[in-house]
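Right, one structure below, let's go through it.
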Amino acid sequence: MEKNNTKQNRIARPSATGLQARPPVVVVMGHIDHGKSTLLDYIRKTNIAEKEIGGITQNISAYEVEIPTPGESWSRKITFLDTPGHEAFSKMRQRGAQIADIAVLVVSAEDGVKPQTIEAWKTITEGKLPCIVAINKIDKPGANIEKTKTELAESEIYLENYGGKIPYAEISAKIGTGIDNLLSLILIVAEMENFNGNPNEDASGFVIEANLDSRRGILATLIIKNGSLKKGMTVVVEDSICSTRIMENYKGVIIDEMSFSSPIRIFGFNKIPKVGSCFKTFKNKKDAEKDAENWQTRNREEDPNQHQSPDKNQDKKIIPIILKADVSGTLEAIEKEIAKIKNEGAEFKIIGKGVGPISESDVKNLSNGENVIIIGFNVKTDKSAIEIAEKRGITISFFDIIYKMTEWLEIQMEKLRPRIETMETTGRAKIIRAFSRTKDRQIVGGKVTEGKIILNGTVRIMRREFEIGRGKIVNLEKNKIKTKEVDEGNEFGMMIESKIEIAQGDIIELFRVAQM
6 MEKNNTKQNR IARPSATGLQ ARPPVVVVMG HIDHGKSTLL DYIRKTNIAE KEIGGITQNI
66 SAYEVEIPTP GESWSRKITF LDTPGHEAFS KMRQRGAQIA DIAVLVVSAE DGVKPQTIEA
126 WKTITEGKLP CIVAINKIDK PGANIEKTKT ELAESEIYLE NYGGKIPYAE ISAKIGTGID
186 NLLSLILIVA EMENFNGNPN EDASGFVIEA NLDSRRGILA TLIIKNGSLK KGMTVVVEDS
246 ICSTRIMENY KGVIIDEMSF SSPIRIFGFN KIPKVGSCFK TFKNKKDAEK DAENWQTRNR
306 EEDPNQHQSP DKNQDKKIIP IILKADVSGT LEAIEKEIAK IKNEGAEFKI IGKGVGPISE
366 SDVKNLSNGE NVIIIGFNVK TDKSAIEIAE KRGITISFFD IIYKMTEWLE IQMEKLRPRI
426 ETMETTGRAK IIRAFSRTKD RQIVGGKVTE GKIILNGTVR IMRREFEIGR GKIVNLEKNK
486 IKTKEVDEGN EFGMMIESKI EIAQGDIIEL FRVAQM
C-alpha cells in the first residue's frame with residue numbers, strides 16, 4: 006500500500022522538448038513569531054500579518070510575487086508558501102517542504118534557535134531542499150547576530166563563512182533591510198538548481214489546502230509544478246474530481262488559464278481532496294473519471310477494525326468530540342493537539358470531524374444530555390443545528406486560536422473524568438460501654454484514642470479489625486455537655502444512627518472521602 010501512495014505523490018516529469026525555466030516555489034519556515042508572515046507581508050506589500058489572529062498563521066498560504074530585473078523591462082516570479090510555526094502544525098510544515106523547491110529558514114536575531122527552528126531544519130534536510138537562512142529582526146535592540154550564527158552552528162546549521170555553505174541574509178522584515186539581498190539569493194539558487202517545466206503539458210502539482218465554502222462548495226488551492234491548467238479541464242486528486250469552471254489566482258481574480266509554479270484556487274470538487282496529494286489534469290472528463298476509479302481499485306483497504314487488538318484504554322472514560330474546522334490543515338493540527346490531552350481516567354475520542362460549518366447532521370443523531378463536546382474552529386453553525394443542540398442540552402463551543410481551545414479542553418477533561426474516591430481516617434475511638442438502642446439509633450460511651458470525633462461525622466464500625474457497618478454521629482456530649490467535637494484522650498457520650506448494634510470493645514473510625 007505504501008508503494009502506491011508514494012507513486013501517487015510524484016508528479017510527472019516534464020518532457021525534454023519544450024522545457025522552460027520555471028519560477029521557484031519557496032517555503033518560508035521557522036519558529037513561531039520569528040517573522041515569517043511579516044517577511045512575506047513586506048515582500049508583497051500587504052497587511053495580512055497584522056490581521057492574523059493571535060499573530061499565528063493558521064493555514065498554509067501561497068503567494069506569487071514578481072521581482073523586477075535591474076536594467077530590464079521584464080521581471081521574475083517567485084511563489085512563496087507561508088507555513089505555521091506553531092508546534093501543532095508540524096505536518097503542514099512537512100507538506101510545505103515536500104511541495105517547495107527552496108526553503109527559507111527564518112531565525113530571529115533576538116531569540117536565536119528555538120525548537121521549531123530545529124524541527125524545520127530537520128524537515129528541510131530530510132526533503133533535501135536547497136536552503137537559505139534569513140536572520141531576522143536585526144533592527145531590534147536585543148538582536149545579536151553573531152550569537153545567532155553561533156547557535157545555528159551548534160545546531161549543525163553551518164552558514165557560509167561559518168563552517169558551511171548555506172547562504173544567508175541578515176534582514177529586518179519589519180522595515181525591509183536586507184530583503185532585496187534575500188530575494189537575489191533565492192533567484193541565484195533557483196538558477197543554479199535549474200528548475201524547469203513544460204507549459205504545453207497538462208498541469209500537475211500538489212494540493213496545499215482544501216475547504217468547504219457554504220456558497221461555492223468544495224474548493225482547493227493548488228500549486229502547479231508542471232504544465233498548464235485551462236478552464237474546462239478536469240482535475241483529479243486521488244478519487245476527488247473537479248471540472249474547472251471557476252479558477253482564481255492568489256489575489257482572488259477569476260482566470261481562464263494558469264501555468265507552472267502558480268498558486269490557483271478551483272471550485273466544485275465532488276469530495277474534499279486530500280491535502281498534500283498530487284493532482285493531475287485531463288482534457289477529457291471520462292479519462293479523469295477512469296483515473297479516479299483506478300486509484301480506488303489500487304487503494305481499497307481492509308476494514309481497519311477487522312484485526313484490531315484490544316484497547317489498552319478500555320477502562321478509561323471516553324469523552325466524545327465532534328470537530329469541525331475551516332480548512333483541512335487546521336483540522337489535522339487540532340486533532341494532533343487533542344491527542345496530547347490525556348489523564349489516567351479519561352481520554353477524548355473524535356467521533357466525527359469535517360471541514361465546513363457545524364450542520365444539522367452533526368447533532369441530530371446525538372442523545373439528549375449526551376456528554377459530547379462539539380467544537381467549531383473558525384466556522385459558523387447552521388441555525389437548525391443550534392436549535393437541535395439547545396433542545397438536547399448539547400453545548401457547541403467555538404474557537405479561533407488553538408492554545409485557547411486546548412486550555413478549555415483540559416478543563417473539560419478534568420470536570421468530566423471519573424473520580425477515584427479515597428478514604429481518610431480523621432479520628433478513632435474505643436467503645437467503653439453500649440447503652441440502649443431504639444430503632445436505628447443507639448447511645449454509646451467511649452474514649453478518643455486518635456485524632457478527634459466530630460458531630461454529624463460518618464463512622465466505620467470495626468469489630469476485630471473488620472468493618473461490620475457504618476453510622477452517623479447525631480448527638481455528641483463531653484462531660485454531659487453537648488459539643489461539636491471531642492479531642493484525643495477525652496471521653497464522650499454519643500448517639501449513633503446505624504443499622505448495626507454496637508458492642509463494648511468495638512472501634513469507631515471517623516472518616517472523610519476525598520475525590521482524586
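Residues are numbered in this note's numbering as their position in the sequence shown, beginning at 1, plus a constant of 5.
Glycine is no exception: its CB is placed at the ideal position from the N, C-alpha and C atoms.
As the structure is a prediction and not an experimental result, all values here were calculated from the model.
Rounded C-alpha distance that separates residue i from residue j
i, j, result
"G222", "I246", "13 Å"
"R270", "L227", "6 Å"
"N205", "I140", "39 Å"
"G334", "P29", "23 Å"
"E455", "K341", "52 Å"
"E543", "K369", "The structure shown does not extend to residue 543, since the chain is modelled only from 6 to 521, so the question has no answer here."
"L45", "V384", "26 Å"
"E502", "N484", "21 Å"
"M428", "I458", "16 Å"
"I72", "V240", "30 Å"
"L187", "L164", "14 Å"
"K279", "E337", "11 Å"
"I399", "V377", "7 Å"
"I48", "T130", "26 Å"
"R4", "A519", "The displayed coordinates of the chain run from 6 to 521. Any statement about residue 4 would go beyond what the structure contains."
"L328", "K256", "30 Å"
"K142", "L110", "13 Å"
"V570", "P120", "A question about residue 570 goes unanswered here, because the residues of the chain that appear run from 6 up to 521."
"D116", "G40", "11 Å"
"K487", "M500", "11 Å"
"I213", "S266", "13 Å"
"E392", "R250", "36 Å"
"I473", "K504", "10 Å"
"I104", "R27", "14 Å"
"R424", "K489", "30 Å"
Proximity test, residue i beta-carbon vs the ligand ZN heavy atom, cut-off 8 Å
i, result
"L190", "No copy of the ligand ZN occurs in the structure displayed, which carries no ligand at all."
Beta carbon of residue i nearer than 9 Å to that of residue j
i, j, result
"G510", "R442", "no"
"I379", "I326", "yes"
"F353", "I339", "no"
"T43", "A178", "yes"
"I162", "V31", "no"
"V453", "F497", "yes"
"K332", "N216", "The sequence shown places Val at residue 332, rather than the Lys named in the question. Yes, they are a contact pair."
"S264", "I229", "yes"
"L224", "F274", "yes"
"G132", "A108", "yes"
"N461", "K477", "yes"
"R422", "A351", "yes"
"A390", "I355", "no"
"I83", "A114", "no"
"V464", "R475", "yes"
"V138", "L86", "no"
"F516", "T386", "no"
"K288", "E262", "no"
Neighbour-count burial assignment, residue i, 16 or more Cβ in a 10 Å radius
i, result
"A408", "In the sequence as displayed, the identity of residue 408 is Tyr instead of Ala. Y408 should be labelled exposed."
"F404", "buried"
"V258", "exposed"
"W79", "exposed"
"E470", "exposed"
"Q63", "With a pLDDT of 43 at Q63, under the threshold of 50, the predicted position of this residue should be treated as unreliable, and no value is reported."
"K170", "exposed"
"A277", "This sequence places Ile at residue 277; Ala is not what is there. Burial call: buried."
"V183", "The question names Val, yet the displayed sequence has Gly at residue 183. It counts as buried."
"T128", "buried"
Own chain partners of residue i with C-beta closer than 8 Å, once the 5 adjacent residues on each side are dropped
i, result
"L24", "N201, G202 and N203"
"I436", "V449, G450, G451, I507, A508, Q509, G510, D511, I512 and I513"
"N209", "Residue 209 is actually Ser in this sequence, not Asn. The answer, listed in chain order, is I16, A17, I229, K230, N231, G232, C283, F284, K285 and T286."
"E198", "P29, D106, I107 and P135"
"S160", "V118, T122, I123 and W126"
Residues near residue i by beta carbon distance below 7 Å, same chain, minus five either side
i, result
"A297", "V241, D244 and I246"
"I346", "F353, T411, L414, E415 and M418"
"E69", "K82, T84, Y255, S267 and P268"
"S248", "T239, G273 and K290"
"K152", "G117"
"E365", "D387, S389, A390 and I393"
Other residues of its chain near residue i: CB distance less than 6 Å, five sequence neighbours each side excluded
i, result
"H36", "G90, K119, Q121 and T122"
"K145", "E115"
Proximity test, Cβ basis, 9 Å: residue i and chain D
i, result
"R270", "Included in the structure is just one protein chain, with no chain D present."
What are the uninterrupted segments assigned as beta strand (DSSP E) that are 3 or more residues long and contained completely in the stretch 161–196, given in chain order?
Listed in chain order, the complete beta strand (DSSP E) runs (minimum 3 residues) inside the stretch 161–196 are 173–175.
Which runs of the beta strand (DSSP E) at least 3 residues long sit entirely within the stretch 361–415? Give them in chain order.
If we require 3 residues or more, the beta strand (DSSP E) runs fully inside the stretch 361–415 come out as 378–382 and 401–404.
Entirely within the stretch 476–512 and at least 3 residues each: give me those beta strand (DSSP E) ranges in chain order.
Considered as a whole, the stretch 476–512 harbours 490–492 and 496–503 as its complete beta strand (DSSP E) runs of no fewer than 3 residues, in chain order.
Starting from the N-terminal side, write out each stretch of the beta strand (DSSP E) that is 3 residues or longer and does not extend beyond the stretch 226–283.
List check, beta strand (DSSP E) in window: 233–235, 239–242, 245–248, 252–254, 262–264 and 268–272.
Which runs of the alpha helix (DSSP H), 4 residues or longer, sit entirely within the stretch 325–365?
Runs found: 333–345.
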